[in-house]
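Residue numbers for the sequence shown follow my numbering, beginning at 15 and rising by one.
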Amino acid sequence: MRYLQIKIAITIFFAAAFIVGSYNVKAQLPQKEEITVIAPYEPSVPEVLKINIQPKIEIGESKLPALEINPEPVKMNILHKIDPIQEAAPPPDSIKTIYRNHIRAGFGNYITPYLELNSGTLRNQNYLLNLHFRHISSLGKIKNYGHSAFSDNMLQINGKKFFERFTLGSKIKYDRKVVHHYGFLKAEFPDSVYNTSKDQLRQRFNQTGFAITAQSNNKNLQGFQYDGSLSIDFINDLYETKGNQIEFKSQLNSFFRLFRTNDRQNLGMNIGIGNYNTTDSVKTSKNTLIQLQPYMKFKYQEYEVKVGLGLAFDNDSSIHFSVYPLAEGRLQLVKDRVDVFVGIVGEKQANTFQDLVQQNPFLQSVLDYRNSSTKLRFYGGLQSSIGKHLDFEIAGYNTIIDNMPLFINDTIAPYNRFIVVYDDLNIVQGKASVSVSLSQQLRISTGFVISSYTTDNQIKAWHLPAFKTYFEGWYNYSEKFAFRGSVYSHGKSWTNVWNSNLNRQEETEIKPWVNLSIGATYRLNRQLHFFIDARNITTGRHFYWYNYPSQRLNVMAGAGFSF
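Below, the structure is given as structure tokens:
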């Protein structure tokens with residue numbers, strides 16, 4: 015304030031002096047004076063002496079005063095008011111109506127009725143229930159062959175209960191299959207000589223089963239993961255053969271750090287324990303199989319390596335302990351798109367009555383049961399998944415397997431049942447599969463398997479084809495119409511048949527075949543649709559097993575309804 019007063023006073027003083035000076039000048043009288051120049055004017059610059067004083071700035075040390083802060087805590091009462099977030103209403107057409115039930119029924123030539131039902135719960139975060147029933151049968155005849163009627167019935171109930179850390183599941187199933195051993199020419203085995211009535215040819219399988227599962231819901235990839243199941247199955251047929259099996263399977267893995275990298279490192283174990291019992295009209299067979307596969311898996315950038323071993327203990331006819339290799343390597347050529355892989359693995363497989371009749375339902379009821387041993391299986395190939403549009407895999411395999419089951423015709427007339435023989439095989443295979451989605455309307459899938467077999471004791475690998483190919487296509491023409499088609503081919507195979515004198519076996523070729531099928535669906539609305547399918551439109555006879563031809567042209571039409 016004092017400085018401001020001094021500044022104002024100085025300003026007033028100079029202003030007053032200026033005003034007074036100006037007034038005096040204007041008050042003087044004007045003067046007139048004459049000046050005469052008598053010499054020329056020569057301008058000159060007088061010599062000026064320089065000032066030799068050098069400026070010097072002296073910098074002294076400056077110190078800031080110490081800063082002292084004495085905070086006093088004060089409690090601030092701040093009120094937080096949070097408004098609940100309102101759930102956004104979905105667009106009217108974003109979520110389509112989901113129906114709880116779907117039933118489908120049809121009827122075809124060869125007197126073939128078909129019925130299928132799916133029923134389940136709707137969206138639910140706590141549990142899931144599903145019921146699936148299917149029936150298909152045929153009373154049609156195949157010209158020149160025995161009675162060929164069949165029936166296939168299946169009922170399955172699945173349930174899941176979702177918890178925060180794991181999911182519990184259960185399954186109850188019942189299968190009933192009826193077939194007839196029609197694999198003989200009636201002209202060669204007339205009814206007047208051989209008993210080939212329908213009841214004599216009939217075979218029926220009843221299968222029941224129950225399973226429970228448990229799976230972890232740990233979303234942390236570095237946490238402990240598990241997936242396990244316990245199943246009990248029973249089977250019986252018309253000829254006093256019955257079997258039961260109990261299986262426990264589990265996959266365990268957990269993150270562990272062996273190398274100081276941020277890439278995934280896992281330690282895991284695959285566990286398989288099975289007890290299998292079969293009783294027929296002649297004997298009782300018991301078998302126990304325990305398998306452990308400890309492994310370590312490492313991932314470093316585009317490289318992934320899995321190493322471990324397989325341990326197997328089995329007790330069928332005698333006690334065996336086996337060790338198998340387990341190794342696999344993968345290289346990402348294109349991240350998340352293209353992988354190259356190579357590996358080696360081995361394991362044991364139990365051959366039970368239930369497993370064998372699923373492969374070939376025309377077997378005898380009294381069989382020989384042995385465990386198969388895949389001693390070595392080398393494999394390698396290329397695998398790719400490019401978004402939702404292209405998936406393909408090309409791979410090669412070389413498998414050395416002991417006690418592989420093969421099927422040949424028995425020696426009891428009319429030779430229409432099969433028995434099991436075991437042999438050691440070396441199998442070389444090449445496989446390829448491609449699935450392409452050309453658009454939202456068109457999808458194509460195709461592939462093939464080419465196989466070469468080298469046997470140890472048997473002359474040929476009976477009933478194993480040289481190749482298999484398939485081609486499938488789906489086309490949604492519009493919201494109303496959809497079309498589908500498929501082509502399946504089966505290369506030639508061989509079987510071993512006793513000659514008419516039953517003194518030696520003869521190699522017999524089973525010719526290759528091609529199965530062409532087409533179908534169409536008309537959707538009247540979102541609930542009701544109609545379908546028609548035509549299978550084997552080339553009307554050829556396909557021999558899956560020796561002397562067991564398929565039906566020729568098979569047409570079925572029907573409808574489906576959701577509610």
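Here a beta-carbon is modelled for each residue, glycine too, at the ideal position from N, C-alpha and C.
- Per DSSP, the beta bridge partners of PHE406 are SER398 and VAL448.
- In the DSSP secondary-structure assignment, ASP166 is bridged to ILE150 and LYS191.
- The criterion of a C-beta distance shorter than 9 Å is satisfied by THR181 and ASN231.
- Under the criterion of beta carbons closer than 8 Å, ASP241 and GLN221 do not qualify as touching, at roughly 24 Å.
- With contacts defined by Cβ atoms closer than 9 Å, LEU345 and PHE355 form a contacting pair.
- In the structure shown, the three-state DSSP call for ASP247 is strand.
- Looking at the DSSP output, ALA326 bridges to GLN305 and SER336.
- Rounded to whole angstroms, the Cβ separation of ILE150 and ILE171 is 20 Å, and the two are not in contact under 8 Å.
- Inside the stretch 454 to 528, DSSP marks whole beta strand (DSSP E) runs of 3 or more residues at positions 456 to 469, 481 to 490, 495 to 504, 507 to 512 and 519 to 524, from first to last along the chain.
- Leaving aside the five residues that flank GLN305 on each side, the residues in its chain whose CB is nearer than 6 Å to its CB run, in chain order, GLY286 and ALA326.
- Cα atoms of ILE473 and GLN541: separation of roughly 56 Å, rounded to the nearest angstrom.
- By the CB criterion at 9 Å, TYR467 and ILE441 fall inside the cutoff.
- Per DSSP, the continuous alpha helix (DSSP H) segment holding VAL371 begins and ends at 367 to 373.
- When DSSP states are grouped into helix, strand and coil, GLN236 belongs to the coil group.
- DSSP places ASP294 outside both helix and strand once states are collapsed to three, so it counts as coil.
- Between the stretch 378 to 385 and the stretch 263 to 274, the count of C-beta pairs closer than 8 Å stays below three; the two stretches do not touch.
- In the DSSP assignment, LYS212 falls within the unbroken alpha helix (DSSP H) covering 212 to 215.
- For ARG540, the secondary structure class from DSSP, reduced to helix, strand or coil, is coil.
- The stretch 326 to 335 makes no contact with the stretch 407 to 420, as fewer than three CB pairs between them are under 8 Å.
- Pairing LYS362 with LEU303 gives a Cβ-Cβ distance under 9 Å.
- One alpha carbon belongs to ARG566, the other to PHE164, and they sit about 15 Å apart.
- For ARG431, no beta strand (DSSP E) run applies, since DSSP gives it neither H nor E.
- About 43 Å separates the CB atoms of TYR113 and GLY160; that is not less than 8 Å, and the two are not in contact.
- Beta-bridge partners of ILE117 (DSSP): LEU131 and PHE575.
- Contact between ILE422 and ARG351 does not hold, since the beta-carbon distance rounds to 46 Å and is not under 8 Å.
- Contact between the stretch 247 to 259 and the stretch 285 to 300 is present, with at least three C-beta pairs closer than 8 Å.
- Nearest neighbour of GLU254 by Cα position, chosen from PHE219, ASN284, ASP247 and GLY282, turns out to be PHE219.
- Between the alpha carbons of VAL193 and SER449 lies a distance of about 35 Å.
- Below 8 Å, too few C-beta pairs join the stretch 382 to 391 and the stretch 204 to 213 to call them touching: fewer than three.
- In this structure, the alpha-carbon of LYS200 lies about 18 Å from that of TRP512.
- A Cβ-Cβ contact shorter than 9 Å links ALA496 with ALA534.
- Taking the Cβ atoms as the reference, GLY223 lies roughly 4 Å from ASP247, within the contact range of under 8 Å.
- According to DSSP, residue pairing for VAL319 in a beta bridge involves PHE312 and GLY343.
- For SER264, the uninterrupted beta strand (DSSP E) run begins and ends at 256 to 269, by DSSP.
- Counting only residues of its own chain and dropping the five nearest sequence neighbours on each side, THR126 has a CB closer than 6 Å to the CB of SER152.
- Ranked by Cα distance from GLY357, the first of VAL528, LEU323 and ILE426 is LEU323.
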